[in-house]
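Q: Have a look at this one before I ask anything.
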Amino acid sequence: MDKWGLFNLADHPLPSFYSGRMLVIGESAHASTPHHGLGAGFYMENVAVLPCLLKQLDAYSEILPDDLNAVFAAFDTSRRQRDQWLVESSRRAACLYEWQLSGTAPGHFDAMHADIQAR
Ligand SMILES: Cc1cc2nc3c(=O)[nH]c(=O)nc-3n(C[C@H](O)[C@H](O)[C@H](O)COP(=O)(O)OP(=O)(O)OC[C@H]3O[C@@H](n4cnc5c(N)ncnc54)[C@H](O)[C@@H]3O)c2cc1C
């Protein structure tokens with residue numbers, strides 16, 4: 022195939038990963054192009070963090086909606102910026118690989134290579 026539909030959230034980052042008692046993780050939170058090969062890796066980071074935060078609720082005999090909200094807020098604070106970094110960096114890598122950035126003609130190969138390597 023010479024054409025791919027690469028949908029991602031670079032231009033439309035989620036303003037929050039949660040609303041009320043709903044929390045999004047994985048592709049719905051940080052859909053990215055596949056050029057970093059990290060989407061599922063970041064997913065795993067997130068599902069490692071979430072139980073640690075939920076465990077804090079063990080101390081409560083009854084879990085109230087506000088308690089869950091505090092956990093989701095902590096998750097959002099600790100994860101959203103890093104996840105969005107992946108989305109944006111992967112999008113740039115995609116543009117570099119696919120010759121989609123202005124100023125990345127073949128003559129600029131060294132600069133493109135350095136940019137991709139740094140990522
Ligand atoms: C080409 C490519 C290469 C990749 N390579 C890597 C890699 O090397 N390393 C890496 O870490 N990540 C990689 N990723 C990213 C990784 O695949 C995703 O981050 C990961 O699959 C996201 O998991 P998810 O469960 O959030 O979403 P998905 O895997 O998309 O799962 C969502 C599921 O929901 C189902 N679904 C959708 N709508 C409905 C509905 N209405 N009702 C019921 N079911 C529904 C879908 O069929 C799907 O099974 C790659 C992605 C692509 C596209």
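For the sequence shown, the numbering used here begins at 22 and goes up steadily by one.
Backbone N, C-alpha and C define an ideal beta-carbon position, used for all residues, glycine too.
Around the Cβ of Y39, are there at least 16 other Cβ atoms within 10 angstroms (buried) or fewer (exposed)?
A: Taking the first residue of the sequence shown as position 1, residue 39 is located at position 18. It counts as buried.
Q: If I measure Cβ to Cβ from E48 and keep anything under 8 Å in the same chain, skipping five residues before and after, which residues do I get?
A: Within the sequence shown, residue 48 is the residue found at index 27, counting from 1. So the qualifying residues of the chain are G60 and Y64.
Q: Below 8 Å on the Cβ atoms is my contact criterion, and I expect V70 with S99 to pass it. Report the Cβ-Cβ distance as a whole number of Å.
A: Looking up residue 70 in the sequence shown gives position 49. Looking up residue 99 in the sequence shown gives position 78. Their Cβ separation, rounded to whole angstroms, is 6 Å, which keeps V70 and S99 in contact under 8 Å.
Q: If you draw a straight line from the alpha carbon of L74 to that of V68, how long is it in whole angstroms?
A: Within the sequence shown, residue 74 is the residue found at index 53, counting from 1. Within the sequence shown, residue 68 is the residue found at index 47, counting from 1. Distance between the alpha carbons of L74 and V68 is about 10 Å.
Q: Determine the direct distance from the alpha carbon of R112 to that of M43, and round the result to whole angstroms.
A: Residue numbering aside, residue 43 sits at position 22 when the sequence shown is read from its first letter. Residue numbering aside, residue 112 sits at position 91 when the sequence shown is read from its first letter. Their backbone Cα atoms lie some 27 Å apart in a straight line.
Q: For a test of the three-state rule: what should DSSP assign to M43, helix, strand or coil?
A: The residue labelled residue 43 in the question sits at position 22 within the sequence shown. In the structure shown, M43 sits in a strand (DSSP, three-state: E or B).
Q: For a test of your reading of the model: does the CB of S18 fall under 7 Å from any non-hydrogen atom of ligand 1? Yes or no.
A: The displayed coordinates of the chain run from 22 to 140. Any statement about residue 18 would go beyond what the structure contains.
Q: Am I right that H51 and L107 are in contact with their C-beta atoms under 8 Å? What's the rounded C-beta distance?
A: Walking along the sequence shown from the start, residue 51 turns up at place 30. Walking along the sequence shown from the start, residue 107 turns up at place 86. That pair is a contact at about 6 Å.
Q: Helix, strand or coil: which one does DSSP assign to I84?
A: Start at 1 with the first residue of the sequence shown, and residue 84 comes out as number 63. Here I84 sits in coil by DSSP.
Q: Using the C-alpha atoms, what's the distance from G58 back to L89?
A: Taking the sequence shown and counting its residues from 1, one reaches residue 89 at position 68. Taking the sequence shown and counting its residues from 1, one reaches residue 58 at position 37. Each residue's alpha carbon lies about 32 Å from the other.
Q: Applying the criterion that 16 or more other CB atoms from any shown protein chain within 10 Å of the CB defines a buried residue, is D104 buried or exposed?
A: If you number the sequence shown from 1, residue 104 lands on position 83. Buried, because 16 or more other Cβ atoms sit within 10 Å of the Cβ of D104.
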